[in-house]
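Here the structure comes first, spelled out in structure tokens, and everything after it is commentary.
Residue numbers (our numbering), protein chains in the order written: chain A, 1106 to 1545; chain B, 1106 to 1545; chain C, 1106 to 1545.
Listed below in structure tokens is the structure:
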């Protein structure tokens, strides 16, 4: 068997992209766990089913329509005009890998955008209309924005916008779509009081949410380095480092900031701070130094805390912080390219040109996502309705929409004051004076 | 250092197979989470320990005996006759990768077959006999079936049976073995009433089950594309696409079907519908178009719902739906090759020949797995006993077999009607008239 | 585009190391789940936040200082003297991959060492001092030990010590640091009674712990084979096999041993037995036969059970078994190289030389880690304090340190004696005499 050097190169690139696609797909499980853990038990199954809807109906939408709009032959820099069902020529993409490998990687991105919104609308949006919206995201909203930024003939790509793995095209789009959705939908019952005060509707399972964050961070090893689309691009190593350092800086800063400001390091902010760092560096991971990545992540770690408070202040009720993490930090991440990029960034060149392009670009895709989502949600609201009834919201969506509770009969043993089980093998009597503490 | 092109090719293929093997191994964690989540809390630790048994004792069984029987030198098309403990020559396999890389990939498949059965026998099968059965599956039951289909000299391989990643050899074998096991074991106490009615024994942790499904879907990125055994086989990209589209179609259809039929999209069916699509396309993923994969997945998405109802109707009590997902959809998947394959499929050629071979092949391995499992279970039943006592079944197997509960003292804060904690930082008073809802 | 054979080789090695780094990083999620599941609910969020601290603050520490100390230009065989913030030359490492790829892989190891300790100090160590300690581990304690063993000019490396993926440099260091930490910190309140008896402080969520173990095992597919740093090193296939067989043997033996000794297979021991096998084979995975790996794993499977009992006997309270798994089995694993290695091992050569070097090496890094950790903990104890107040320990660290409970309002439906929900769709009446059991 004769093997050519170019077929080896294609093989390396293909397995790289396929394995990275697997990592990105696994982020759906991470989103599901994160979002379910951050909300109340009674709605947690429903949100997981919405993530499933993104992976199933949403993926089909990207296959049937979305991919063609995003990467098909360009019309006026605005959208693609061939490629429904993956049919037709994609030669203009000059891919070094099979089209199918490219598609599966892109599909995992598309469904992530829908899933970002699922978190923001949690605990009150009806399941049926969500299915329709998920299809809209993967078939239209995201592909149009993605076309502008990533299709070689998109109008923002031609302006020179740099958004390596999608702080703008993925995260800002998902985040600002979330804001629009939340504004039309309204806050959860009981979240905000008429006197201006606010109630905490607590996360029901923070270990599950944290597990989701670890899955997302893990998936980002594919999301960012995989966006090189080539295992022979040695920049992938740098991308892995900048990605991780930004996450580390984001989590560190949100931890220390809440520790300092509130006296207690806030668990959900530590989680969201790490994710904020990841989102913020996603556009620039291939263009900045590790030190710049640390700065970008650190800024995102503060931004996310302030943003969560801001959106509560304007009563945009986002149970999981999706607007803050993806909208705000995605937007910041797109701008950060214009500041920190080694090629064209303000710090290195003194020029505002790239920063201006980035600002225009992220504004364009954000406004697009915001307005179309608002329109879709408004139409859904006045037609099929988007919000469960007051009674169903009180009872919980798991029972009302799926007829079953997320948890049934978790038969935790009764425990005494020392946390010891009253059933089990160990026989024990504890007396306060009999307790041994301190060893050295 | 001189590096040859052939050593580069071997390197690409080896890292591809090893990383795919890791993904397939991780499916064990997915099975554990899925099965534990689908059953009652009091038996959930026990089932996870059974999955551990597959990974430990089962893996040793495949090393000591199973691999040799499956891939050793053929005797009469029926079994392999060398290769215990990986010793001896495997030159007849013409591997392009090290034997060890091949083995670890295959071992992850073998333990999966045992784990399929663990779900069906959940909540009543004793732990000790399960250890013995797990060893039987990986040392004998699966290797014989696998030999017929995948050893180059197996009798079904020679007939031209096509089962790319094992809808028949893995899933149908595991699924029909499950049916035999369940028939000997009998249903759980309280499942079926004498008057013909049936009780729901509810899933205790659906978020955990869903997390398991995401892990399984993620693992399938290794299961199917990895079965190419070569990262230079550019068909791996198509395989990734067909695999994912079938899963998407399966989950979409089971969602819409239960939504339409019962008025509520059924959570466990959405999960199992996606898995059904994955199982069904496993045989044909390398041979069919994306559109065919969607059709295959869609059919599986209905089949799995009907099959779950059927097996309850015949009182084959399968707490997690393993027979429906793996047995029925695995069988359908093997047949689907004969219908949809671009080479030899009924639709493309008008010939029934391949379909006939597929039918014969999946029937052969299914009957083998069913009969041997029934024999093993029957012998275990009349010797050591396979079922826990009535009392232990009521008390739960976690306490009775492991002396510990899966969950102890999950100290969930008390929450009021708004789901707000009565402990915590937020001080709040809520009055019904003070609640602000609806924003736009 | 001209592609050279050497750039292809570098590409293969780079994607291999980056993907393995992702797997090793994911082990942090595994540790978090394992440790949280093994302890009481009221402290479970706190321990997960400590693992986050390792991933964030710890990772920054390894970037700022640790990596330079570990892999910088050698001074006297003891430490590296350049490379802070990844600056400066690392030509002496003769890397075949980009420095950044090497760094991210190493960084994932460094944070794992800190995380090992987090488990041992669970349920009573304050969060603030833990942050400081985590930084010490990744910036100093681990890098010094790692320098001795893995820097080409380290004094143990020059003596010929063989520690392929770090039974000594990672696991023994983490394990014995844990012992020192636990001795200074003292046991949890209520664990040991003055009369010499002991109480069980039960694991709150064993399914979560088991899920963590599956994640760790999955991550070991990167930890050990990835330590080759080359996808062209065909030994990686063997490493994958020895790693998995040792885990299988460890879990099998701990299962059967506790089954035989206590009449019940112990769930936490089955989990820890598998991990013990993984830890023990980590040094020798590249140098031993599969059969030797099985023996190594089997020994570790007994050792871990005995060690857990021993440390309880000396009242070194380690809630998750970290000292037993990582300290004892890591030490054994380093020695096992001297016994089982095909090159230089006692069994193959009859010579005690390698075994002596291994014993010296593992003793050196263990004593180093133990003493420095003890000093750091003692200084922290007399300055900022390391232990939460008695009241906070009783109330739980999640509320006291983070102001929130890990779980809030898991609204499990009420279930009757058959585990059936009293809410839900199914309408049913169960009478004892109406129950149908036993099918065949």
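Built from N, CA and C at the ideal position, the CB exists for glycine as well.
Cα-Cα separation, residue 1390 of chain C to residue 1208 of chain C: Residue mapping note: residue 1390 of chain C aligns to position 285 of the third chain, counting from 1. Residue mapping note: residue 1208 of chain C aligns to position 103 of the third chain, counting from 1. Approximately 22 Å, taken between the alpha carbons.
Enumerate in chain order the residues of its own chain whose CB-to-CB distance from residue 1125 of chain B is below 6 Å, with the five nearest sequence positions on each side excluded. Locating residue 1125 of chain B in the second chain gives position 20, where the first residue counts as 1. These residues qualify, in order along the chain: 1327 and 1331.
Do residue 1272 of chain C and residue 1388 of chain C count as a contact pair if the criterion is CB distance below 8 Å? Translated into positions along the third chain, residue 1388 of chain C becomes position 283. Translated into positions along the third chain, residue 1272 of chain C becomes position 167. It is a contact, given that the beta carbons lie within the stated cut-off.
Beta-carbon within less than 7 Å of residue 1421 of chain C's beta-carbon, same chain only, minus the 5 sequence neighbours each way: which residues are those? One-based indexing of the third chain puts residue 1421 of chain C at position 316. The residues are 1284, 1287, 1288 and 1428.
Bridge partners of residue 1512 of chain A, per DSSP? In the first chain, counting from the first residue as 1, residue 1512 of chain A sits at position 407. In the DSSP output, where bridge partners are listed per residue, residue 1512 of chain A has B:1310.
Quick check on residue 1304 of chain A: buried or exposed, where buried means 16 or more other Cβ atoms within 10 Å of its Cβ? For the purposes of this step, residue 1304 of chain A is taken as the residue at position 199 of the first chain. The residue is buried, with at least 16 neighbouring Cβ atoms inside 10 Å.
Determine the direct distance from the alpha carbon of residue 1443 of chain C to that of residue 1457 of chain C, and round the result to whole angstroms. The sequence position of residue 1457 of chain C within the third chain is 352, counting from 1. The sequence position of residue 1443 of chain C within the third chain is 338, counting from 1. About 7 Å.
With DSSP as the reference, identify every bridge partner of residue 1180 of chain A, one or two as the case may be. Working through the first chain from its first residue, we reach residue 1180 of chain A at position 75. Looking at the DSSP assignment, residue 1180 of chain A forms a beta bridge with A:1184.
Given 7 Å as the limit, tell me if residue 1332 of chain B has its C-beta closer than that to any heavy atom belonging to the ligand GTP. Ligands displayed in this structure: none; no statement on the ligand GTP is therefore possible.
Kindly list the residues whose CB is nearer than 7 Å to the CB of residue 1474 of chain C, restricted to its own chain and excluding five residues on each side of it in sequence; keep chain order. Within the third chain, numbered from 1, the residue matching residue 1474 of chain C stands at position 369. Here the set comprises 1246, 1250, 1278, 1281 and 1282.
Classify residue 1472 of chain B: buried if its beta carbon has 16 or more other beta carbons within 10 angstroms, exposed otherwise. As a first step, residue 1472 of chain B must be located in the second chain, where it is residue number 367. Flag for residue 1472 of chain B reads exposed.
Please name the residue in B:1129, B:1236 and B:1470 whose C-alpha comes closest to that of residue 1161 of chain B. The count along the second chain starts at 1 and reaches residue 1161 of chain B at position 56. Ranking B:1129, B:1236 and B:1470 by Cα distance to residue 1161 of chain B puts B:1236 first.
Contact list for residue 1133 of chain C against chain E, beta-carbon separation under 8 Å: Absent from the structure: chain E. Protein chains present are A, B and C.
Quick one: which unbroken alpha helix (DSSP H) runs of 4-plus residues sit fully inside the region 1216-1254 of chain C? Chain order, please. Every alpha helix (DSSP H) of 4 residues or more that sits fully in the region 1216-1254 of chain C is shown, in chain order, as 1232-1241.
Residues of chain B with CB under 7 Å from residue 1370 of chain C, in chain order? Counting from one through the third chain, the residue named residue 1370 of chain C turns up at place 265. From the beta-carbon of residue 1370 of chain C, the residues of chain B found nearer than 7 Å are 1154, 1232 and 1507.
Please report the straight-line C-alpha distance between residue 1517 of chain A and residue 1226 of chain A, rounded to a whole angstrom. Walking along the first chain from the start, residue 1517 of chain A turns up at place 412. Walking along the first chain from the start, residue 1226 of chain A turns up at place 121. The predicted model places residue 1517 of chain A with a pLDDT of 49, which falls under 50 and marks its position as unreliable, so this point remains unresolved.
If residue 1122 of chain A and residue 1202 of chain A are in contact, beta carbons under 8 Å, what's the gap, nearest whole angstrom? As a first step, residue 1122 of chain A must be located in the first chain, where it is residue number 17. As a first step, residue 1202 of chain A must be located in the first chain, where it is residue number 97. Sure, about 5 Å apart at Cβ, within 8 Å.
Taking only runs of the beta strand (DSSP E) that begin and end inside the region 1348-1427 of chain C, which ones reach a length of at least 3 residues, in chain order? none
Over what stretch of residues does the alpha helix (DSSP H) that includes residue 1143 of chain B continue unbroken? The residue given as residue 1143 of chain B occupies position 38 in the second chain. Segment 1110-1143, the alpha helix (DSSP H) holding residue 1143 of chain B.
Element boundaries [alpha helix (DSSP H), containing residue 1478 of chain C]: Residue numbering aside, residue 1478 of chain C sits at position 373 when the third chain is read from its first letter. Residues 1458-1487.
To the nearest angstrom, how far is the alpha carbon of residue 1400 of chain B from that of residue 1382 of chain B? Along the second chain, read from residue 1 onward, the residue named residue 1400 of chain B stands at position 295. Along the second chain, read from residue 1 onward, the residue named residue 1382 of chain B stands at position 277. Roughly 9 Å separates the two Cα atoms.
Which residues of chain B have a Cβ atom closer than 8 Å to the Cβ of residue 1165 of chain A, listed in chain order? To locate residue 1165 of chain A, count along the first chain from 1; it is residue 60. Chain B residues near residue 1165 of chain A: 1350, 1353, 1354, 1357 and 1399.
DSSP beta-bridge partners for residue 1492 of chain B? By one-based count along the second chain, residue 1492 of chain B stands at place 387. B:1230.
Would you mind working out which of B:1449, B:1407, B:1241 and B:1413 sits nearest residue 1459 of chain B, comparing C-alpha positions? Looking up residue 1459 of chain B in the second chain gives position 354. When each option's Cα is compared against that of residue 1459 of chain B, the closest is B:1449.
Cβ of residue 1256 of chain A within 8 Å of Cβ of residue 1175 of chain A? Counted from its first residue, the first chain places residue 1256 of chain A at position 151. Counted from its first residue, the first chain places residue 1175 of chain A at position 70. Yes. Within cutoff.
Euclidean distance between Cα positions of residue 1154 of chain B and residue 1319 of chain C: As a first step, residue 1154 of chain B is located in the second chain; it is residue number 49 there, counting from the start. As a first step, residue 1319 of chain C is located in the third chain; it is residue number 214 there, counting from the start. For residue 1154 of chain B and residue 1319 of chain C, the distance between alpha carbons rounds to 12 Å.
What's the gap between the Cα of residue 1171 of chain C and the Cα of residue 1263 of chain C? Within the third chain, numbered from 1, the residue matching residue 1171 of chain C stands at position 66. Within the third chain, numbered from 1, the residue matching residue 1263 of chain C stands at position 158. Rounded to whole angstroms, residue 1171 of chain C to residue 1263 of chain C spans 21 Å at the Cα level.
For residue 1259 of chain C, which option in C:1503, C:1182 and C:1365 has the closest C-alpha, if you only look at C-alpha atoms? Here the question's residue 1259 of chain C lines up with position 154 in the third chain. Nearest C-alpha to residue 1259 of chain C: C:1182.
Neighbour flag for residue 1404 of chain C against chain B, beta carbons, 8 Å: For the purposes of this step, residue 1404 of chain C is identified with residue 299 of the third chain, where counting begins at 1. So no, residue 1404 of chain C is outside the interface.
Would DSSP call residue 1268 of chain A helix, strand or coil? Counting from 1 along the first chain, the entry for residue 1268 of chain A is found at position 163. If DSSP states are grouped into helix, strand and coil, residue 1268 of chain A belongs with coil.
So which residues of chain A does residue 1112 of chain C contact, with C-beta pairs closer than 8 Å? The residue you call residue 1112 of chain C lines up with position 7 of the third chain. Those within 8 Å of residue 1112 of chain C in chain A are 1337.
Measure the C-alpha to C-alpha separation of residue 1353 of chain B and residue 1419 of chain B and round it to an integer number of angstroms. Here the question's residue 1353 of chain B lines up with position 248 in the second chain. Here the question's residue 1419 of chain B lines up with position 314 in the second chain. The straight-line gap from Cα to Cα measures roughly 30 Å.
Could you give the C-beta distance for residue 1229 of chain B and residue 1514 of chain A, rounded to a whole number, given that I count them as a contact under 8 Å? In the second chain, residue 1229 of chain B corresponds to position 124, counting from 1. In the first chain, residue 1514 of chain A corresponds to position 409, counting from 1. Not quite, the Cβ-Cβ distance comes to about 17 Å (not below 8 Å), so this is no contact.
Assign residue 1155 of chain A to one of three DSSP states: helix, strand, or coil. Start at 1 with the first residue of the first chain, and residue 1155 of chain A comes out as number 50. Looking at residue 1155 of chain A - three-state DSSP - the assignment turns out to be helix.
Residue 1243 of chain B at chain C interface by Cβ criterion, 8 Å: Counting from 1 along the second chain, the entry for residue 1243 of chain B is found at position 138. Against chain C, the CB of residue 1243 of chain B has no partner CB under 8 Å away; the residue lies outside that interface.
C-alpha gap between residue 1180 of chain A and residue 1159 of chain B, whole angstroms: One-based indexing of the first chain puts residue 1180 of chain A at position 75. One-based indexing of the second chain puts residue 1159 of chain B at position 54. Pairing residue 1180 of chain A with residue 1159 of chain B, the inter-Cα distance amounts to about 55 Å.
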